[in-house]
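Taking the working numbering, the leading residue of the sequence shown gets -12, the next gets one more, and so forth. Below is one structure, written out as structure tokens; the observations come after it.
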Amino acid sequence: AYTVRMMFDDYLAAKAGAWSEKSRIDTESIIDGNVGKLAGRVPEDISYTDLDSHIRKIGRRAPAVARRFRAEFIAAWNMAMNKGAKIKAPCPINSLSGDLPKKKPRQVTLDDHQLSILFPWMREHYSATTRDALLLSLYTGMRPGEVRGLHVDEIAEEADGSRILIPGERMKAGQPHLVPLTGTAQQIVERRLDNKGYLFPGRNGRALAPRVVGGEVFAHRGTSKAKVHAHLAVCPVNGWSPHDMRRTAATLLAKLECPFWIIETVLAHKLPGVSGTYNVYGYAKERREWLGKLGVYLDSLGGAKTDRRAMFNGVAL
């Protein structure tokens, strides 16, 4: 029988060449973590009610994940039909399946007071992996997915200091991205080089799955109904997600009077208008200068205080 698992496998194989490594890993994680009991079923035997119930169950835990799973399910089903697989009926999922409200845009940044509270709390309660990933995103402006996928081969020492060079296939815009390392960010990276492969390795030997860091942040919000989270300390700074560390980094750079075009370059954004077409200067020196200033500012808020768990390795964050 042609099962849902086989449908997804065909879909992932067909899309592998068109996706970046980041997109492939994220999509596999969404599918593998949420397909559940549907995996062994024949697609055409699954009713609208079955799918609606399945998506609602995911939505109660993580609405954004439910929306993504719903979209990937529809895409995989339609591809199977177009390629002549053993699916003849149209996909029973529609825009109302799972009764998921439209996602509202989020514009969350953390201010100085919130960061000064969050820094000592995260050192005490988050795992070393989650803490390092969040801090590295905050100190460098990298996307959470870019941080999770960091590999030792992307780290090098140059005349002006250490740097990360992320290959284009891992970047949203498809272009290589240079990230100078200074201060606390450099200490985090140097300590994690001991992993010999990915700086944030997952259990399967590949890059850390997106649900790991986001899941731990969510678990400490105090809103989860899962019994396994009932004993966890509630974060005193609530309502933020890992991606908000990147948004906070950009906001603080602006507060420090960093020029707009350097902020955009730090964030790996293409410069708007004619500048984006004709200005090909990489601002490598300026990136290092302003990320250094950002690091010093964050350290002054408590970001670089000694981590007791890291002291055993002789490393102070």
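Ideal Cβ placement from N, Cα and C applies to all residues, glycine included.
- Item | Rounded Cβ spacing between Gly85 and Ala53 (contact assumed at less than 8 Å) | Along the sequence shown, read from residue 1 onward, the residue named residue 85 stands at position 98. Along the sequence shown, read from residue 1 onward, the residue named residue 53 stands at position 66. Contact holds; Cβ gap of about 6 Å.
- Message: Please classify Pro30 as buried or exposed, where buried requires at least 16 neighbouring CB atoms within 10 angstroms.
- Response: For the purposes of this step, residue 30 is taken as the residue at position 43 of the sequence shown. Pro30 is buried by the Cβ-count criterion.
- Task: Less than 8 Å between the CB atoms is what I'm expecting for Thr171 and Leu122, so what's the real figure, rounded?
- Result: Along the sequence shown, one-based indexing puts residue 171 at 184. Along the sequence shown, one-based indexing puts residue 122 at 135. With 8 Å as the limit, Thr171 and Leu122 qualify as a contact, their Cβ atoms being about 7 Å apart.
- Query: Does the stretch 149 to 168 come close enough to the stretch 267 to 277 to have 3 or more Cβ pairs within less than 8 Å?
  - Reply: yes
- Could you check what DSSP says for Ile33 in three-state terms: helix, strand or coil? Here residue 33 refers to the residue found at position 46 of the sequence shown. Of the three classes helix, strand and coil, the one that applies to Ile33 here is coil, per DSSP.
- Any contact of the stretch 139 to 147 with the stretch 199 to 206, i.e. 3+ C-beta pairs under 8 Å? no
- Query: Out of Gly128, Gly279 and Gly4, which has the shortest C-alpha to C-alpha gap to Ser149?
  - Reply: What you label residue 149 is simply residue 162 of the sequence shown in a count that begins at 1. The option with the nearest alpha carbon to Ser149 is Gly279.
- Query: Straight-line CA distance for Leu254 to Ser34?
  - Reply: As a position in the sequence shown, residue 254 is number 267, starting the count at 1. As a position in the sequence shown, residue 34 is number 47, starting the count at 1. The alpha-carbon atoms of Leu254 and Ser34 are separated by roughly 44 Å.
- Taking Phe106 and Gly289 to be in contact with their CB atoms under 8 Å, please state how far apart those CB atoms are, rounded to whole angstroms. Walking along the sequence shown from the start, residue 106 turns up at place 119. Walking along the sequence shown from the start, residue 289 turns up at place 302. Right, the Cβ-Cβ distance comes to about 4 Å (below 8 Å), so this counts as a contact.
- Message: Here's a check: name, in chain order, each residue in its chain whose Cβ is nearer than 6 Å to the Cβ of Leu186, leaving out the five neighbours to either side.
- Response: Within the sequence shown, numbered from 1, the residue matching residue 186 stands at position 199. Leu137 and Arg179.
- Query: What is the rounded straight-line gap between the Cα of Ile151 and the Cα of Thr238?
  - Reply: For this step, residue 151 is matched to residue 164 along the sequence shown. For this step, residue 238 is matched to residue 251 along the sequence shown. Computed Cα separation, rounded: 22 Å.
- Message: Just to confirm the assignment, what range does the beta strand (DSSP E) spanning Val166 have?
- Response: Mapped onto the sequence shown, residue 166 falls at position 179. Segment His164 to Pro167, the beta strand (DSSP E) holding Val166.
- Report yes if the CB atom of Ala153 is closer than 9 Å to the CB atom of Glu177, and no otherwise. Within the sequence shown, numbered from 1, the residue matching residue 153 stands at position 166. Within the sequence shown, numbered from 1, the residue matching residue 177 stands at position 190. Checking the sequence, you will find Ile at residue 153 rather than Ala. Not a contact, by the Cβ cut-off of 9 Å.
- Message: I'd like the list of long-range same chain contacts for Leu38, defined as Cβ closer than 7 Å, with 5 residues on each side in sequence excluded.
- Response: For this step, residue 38 is matched to residue 51 along the sequence shown. Closer than 7 Å at the Cβ level, and outside the excluded window around Leu38, lie Pro79, Ile80 and Ser84.
- Simplified DSSP assignment, three categories, for Ser40: Position 53 of the sequence shown holds residue 40. It is helical.
- Task: State yes or no: is the C-beta of Gln94 within less than 9 Å of the C-beta of Arg234?
- Result: Working through the sequence shown from its first residue, we reach residue 94 at position 107. Working through the sequence shown from its first residue, we reach residue 234 at position 247. Taking 9 Å as the Cβ cut-off, Gln94 and Arg234 qualify as a contacting pair.
- Item | Residues bridged to His256 [DSSP beta-bridge criterion] | Working through the sequence shown from its first residue, we reach residue 256 at position 269. Partner(s): none; His256 has no beta bridge.
- Item | Own chain, CB closer than 6 Å to Tyr(-2), minus 5 neighbours either side, in chain order | As a first step, residue -2 is located in the sequence shown; it is residue number 11 there, counting from the start. Correct list, in chain order: Ala63 and Met66.
- DSSP state of Ala53 mapped onto helix, strand, coil: One-based indexing of the sequence shown puts residue 53 at position 66. Helix at Ala53.
- Item | CA-to-CA distance, Ala120 to Trp6, given in whole angstroms | Within the sequence shown, residue 6 is the residue found at index 19, counting from 1. Within the sequence shown, residue 120 is the residue found at index 133, counting from 1. Going from the Cα of Trp6 to the Cα of Ala120 covers about 24 Å.
- Query: Cβ of Arg48 within 9 Å of Cβ of Val22?
  - Reply: Translated into positions along the sequence shown, residue 48 becomes position 61. Translated into positions along the sequence shown, residue 22 becomes position 35. Not closer than 9 Å, so no.
- Tyr113 to Tyr(-11) span [Cα, whole Å]: By 1-based counting over the sequence shown, the position of residue 113 is 126. By 1-based counting over the sequence shown, the position of residue -11 is 2. In a straight line, the C-alpha of Tyr113 is about 42 Å away from that of Tyr(-11).
- Message: Give me, in chain order, the residues of the same chain whose beta-carbon lies closer than 7 Å to that of Ile17; leave out the 5 immediate sequence neighbours on both sides.
- Response: Numbered from 1 along the sequence shown, position 30 holds the residue referred to as residue 17. Here the set comprises Val52, Arg55, Phe56 and Glu59.
- Coarse secondary structure for Glu144, derived from DSSP in three states: Walking along the sequence shown from the start, residue 144 turns up at place 157. Three-state DSSP puts Glu144 in a strand.
- Query: Quick one: Cα of Val139 to Cα of Ser211, how far?
  - Reply: As a working note, residue 139 is residue 152 in the sequence shown. As a working note, residue 211 is residue 224 in the sequence shown. Rounded to the nearest angstrom, the two C-alpha atoms are 35 Å apart.
- Grab me the residues of His216's own chain with a C-beta within less than 6 Å of its C-beta, minus the 5 sequence neighbours each way, in chain order. Residue 216 sits at position 229 when you count from the first residue of the sequence shown. These residues qualify, in order along the chain: Ala206.
- Task: In the DSSP assignment, find the alpha helix (DSSP H) that holds Asn21 and state where it starts and stops.
- Result: Reading the sequence shown from its first residue, position 34 is the one you call residue 21. Unbroken alpha helix (DSSP H) run through Asn21: Glu8 to Asn21.
- Looking only at C-alpha atoms, which of Lys159, Ala271 and Leu125 sits nearest to Ser10? By 1-based counting over the sequence shown, the position of residue 10 is 23. Closest option to Ser10, Cα to Cα, is Lys159.
- Between which two residues does the alpha helix (DSSP H) containing Val134 stretch? Counting from 1 along the sequence shown, the entry for residue 134 is found at position 147. Start and end: Pro131 to Arg135.
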